[in-house]
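Enquirer: With my numbering applied, the sequence shown corresponds to residues 123 to 506, in that order. All residues carry an ideal CB built from backbone N, CA and C; glycine is no exception.
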Amino acid sequence: MGKRKLRTRLCDILGIEYPILSAGMGPTLIGEKTGAPVELVVAVSEAGGLGVLGGSGFTVDELRDAIREIKKLTDRPFGVDLLLPARIAPRTDLGAEGPQELPLSQVLEMLPDAHKEWLKKVKAELNLPEVDVIVRLNTTTMRPKESIQVCIEERVPLFCAGLGNPGFMVEEAHAVGMKVLGITGNTKNGRRIAESGVDLLVAQGHEGGGHTGRIGTMALLPQVLDVAGNVPVLAAGGIGDGRGLAAALTMGCVGVWVGTRFLATEEGGALDVNKQRILDSTDEGTRVSTCYTGKTLRASLNKFHRLWDQSGLDPLPFPNQVIISSALLWSFLEAEQIDYVGGLAGQVSGLIHEIKPAKQVLEEMVEEAVDILTRRLPQDVQAG
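This is the structure we're talking about:
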């Protein structure tokens with residue numbers, strides 16, 4: 123059988139073969155470079171989709187280096203995803219002119235007393251080792267304006283705002299030929315982002331991994347499509363095979379934004395323990411919590427969720443909560459207490475049973491969607 127054809131308006135907008143984007147997933151832990159690395163970006167783009175680099179774990183200089191590495195490895199379109207939160211908590215009171223890197227132990231001392239005492243209590247009760255990684259205070263999340271400028275200077279084909287409204291940068295991006303994508307979990311923000319001038323809008327349902335909202339995908343998609351106006355909409359949340367892709371297209375979306383299924387690939391940047399957690403998962407094997415970043419985030423269910431719930435503490439503002447979660451999760455890994463470890467993952471985890479090359483995942487998704495849309499759907503549905 124020859125190569126299958128599956129094109130939508132999205133393919134023309136981005137210059138790609140298939141309407142499939144890999145989500146720009148970032149790292150779970152401080153000091154960790156995982157999620158959507160260069161290798162995954164290149165693999166998805168080379169396979170005909172569009173790979174998106176998860177840039178939240180990089181420094182500004184590392185972001186530029188990664189973009190240039192992608193350009194060396196592929197001439198296909200790709201994207202970069204950055205977090206643009208409306209508010210960034212002070213860098214644990216270090217100030218903008220403070221040091222760019224500090225040992226984790228030193229940063230922990232700057233946290234509120236209640237959170238410090240809870241950390242000490244947990245480590246003592248679980249006999250956890252002290253693991254001192256370096257906390258970098260000059261990441262793209264802490265320096266969003268400089269990071270955006272890097273993307274513009276490097277003429278990245280697609281800029282994606284994994285968090286926040288990128289409307290303020292649209293004019294400058296368009297001036298260098300860069301498209302801009304925003305992500306929403308509800309119609310209110312969907313309308314706001316669409317009206318800001320973005321080229322593409324992702325509607326991500328509650329099922330999705332990572333930072334997520336409260337509305338399920340099937341309810342969210344038609345409502346966002348109704349308020350998006352002329353801005354094309356991609357579907358996200360609970361999509362991991364050709365059935366999800368076909369459903370999104372029949373709903374009226376121009377493509378899909380896929381995270382967990384590409385995270386659980388050979389090129390996906392998740393830690394091995396987190397990939398295994400996805401493989402072992404059921405449809406109820408994930409949990410939304412503020413324990414990781416201070417914002418609602420879906421991850422594979424593990425004992426850390428219950429541990430945090432029992433603390434009685436309020437999460438610290440983003441991204442300071444990441445310091446707490448990283449301090450514990452690195453200790454859990456060192457102590458091999460993997461029952462307390464779980465990475466970002468969506469409810470689609472229950473569909474994933476094998477780690478495959480990203481190219482194979484994309485091709486199988488296309489094959490199944492084409493089969494549904496051209497052969498199975500007409501046989502299964504009678505209308506008149």
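#1: Do you know how far the Cα of Leu128 is from the Cα of Thr214?
#2: Beta-carbon separation of Ala316 and Val349 under 8 Å?
#3: Please classify Asn352 as buried or exposed, where buried requires at least 16 other C-beta atoms within 10 Å of its C-beta.
#4: Quickly, what does DSSP pair Arg420 with across the bridge? List them, please.
#5: Taking the continuous beta strand (DSSP E) assigned at Val174, which residues delimit it?
#6: Might you give, ordered along the chain, the residues of its own chain that have their beta carbon closer than 7 Å to the beta carbon of Gly176, omitting 5 neighbours on each side?
#7: Please specify which runs of the alpha helix (DSSP H), each continuous and at least 4 residues long, are wholly inside the segment 330-385, giving them in chain order.
#8: Measuring alpha carbon to alpha carbon, tell me which residue in Arg198, Lys193, Arg186 is nearest Tyr140.
#9: What's the call for His333, buried or exposed, on a 16-neighbour Cβ count within 10 Å?
#10: Three or more C-beta pairs closer than 8 Å, one from the segment 175-194 and one from the segment 409-428: is that the case here?
#11: Helix, strand or coil for Pro225? Go by DSSP, reduced to three states.
#12: Does the distance from the C-beta atom of Leu230 to that of Ala449 stay below 8 Å?
#13: Indicate the three-state DSSP secondary structure (helix, strand or coil) for Ala449 in the structure shown.
#14: Which of the three DSSP states is assigned to Ala188 in this structure?
#15: Which residues in the same chain have their Cβ closer than 7 Å to the Cβ of Leu435, if we skip the five residues on either side of it in sequence?
#16: Suppose you measure from the CA of Val470 to the CA of Thr382; what does that come to, to the nearest Å?
#17: Could you round the C-beta distance between Val257 and Leu224 to whole angstroms and report it? I think they count as a contact, below 8 Å.
#18: Would you call the CB atoms of Ala358 and Ala325 closer than 8 Å?
#19: Tell me whether the beta-carbon of Met487 lies closer than 8 Å to the beta-carbon of Gly304.
#20: Let me see if you follow: with CB-CB separation under 8 Å, is Ile138 close to chain D or not?
#21: Which residue marks the beginning of the alpha helix (DSSP H) containing Leu241, and which one marks its end?
#22: Shortest alpha-carbon distance to Ala165 belongs to which of Arg186, Gly137, Thr196, Glu184?
#23: Tell me the residue span of the alpha helix (DSSP H) that contains Thr309.
#24: Give me the residue from Asn396, Gln443, Ala392, Gly360 with the minimum Cα distance to Asp405.
#25: Apply the 10 Å Cβ neighbour rule to Asn249 and answer buried if 16 or more other Cβ atoms are within range, or exposed otherwise.
#26: For Ser564, count the other beta carbons within 10 Å of its own beta carbon; 16 or more makes it buried, fewer makes it exposed. Which is it?
#27: What is the DSSP secondary structure of Gly217, reduced to helix, strand or coil?
#28: Excluding five sequence neighbours on each side, which residues of the same chain lie with their C-beta closer than 8 Å to the C-beta of Ile494?
#29: Are the beta-carbon atoms belonging to Val320 and Gly284 less than 8 Å from one another?
#30: Can you check which of these residues, Phe384, Ala295, Ile460, Glu268, is closest to Lys478 by C-alpha distance?
#31: In the DSSP output, which residue or residues are listed as bridge partners for Cys282?
Expert: Working from what's here:
#1: Confidence in Thr214 is poor, its pLDDT being 43 and thus under 50, which makes the residue's placement too unreliable to answer from.
#2: yes
#3: exposed
#4: Gly332, Val410
#5: 173-176
#6: Gly146, Met147, Gly148, Gly157, Ala158, Asp203
#7: 339-349, 364-373, 382-385
#8: Arg198
#9: buried
#10: no
#11: strand
#12: yes
#13: helix
#14: helix
#15: Ala236, His237, Trp240
#16: 7 Å
#17: 5 Å
#18: yes
#19: no
#20: Of the protein chains in this structure there is only one, and it is not chain D.
#21: 235-247
#22: Thr196
#23: 309-317
#24: Gly360
#25: exposed
#26: Given a span of 123 to 506 for the chain in the structure shown, any question on residue 564 remains unanswerable.
#27: Per-residue confidence for Gly217 stands at a pLDDT of 41, beneath the threshold of 50, marking its modelled position as unreliable; no derived number is given.
#28: Gly364, Arg365, Ala368
#29: no
#30: Phe384
#31: Asp203, Leu303
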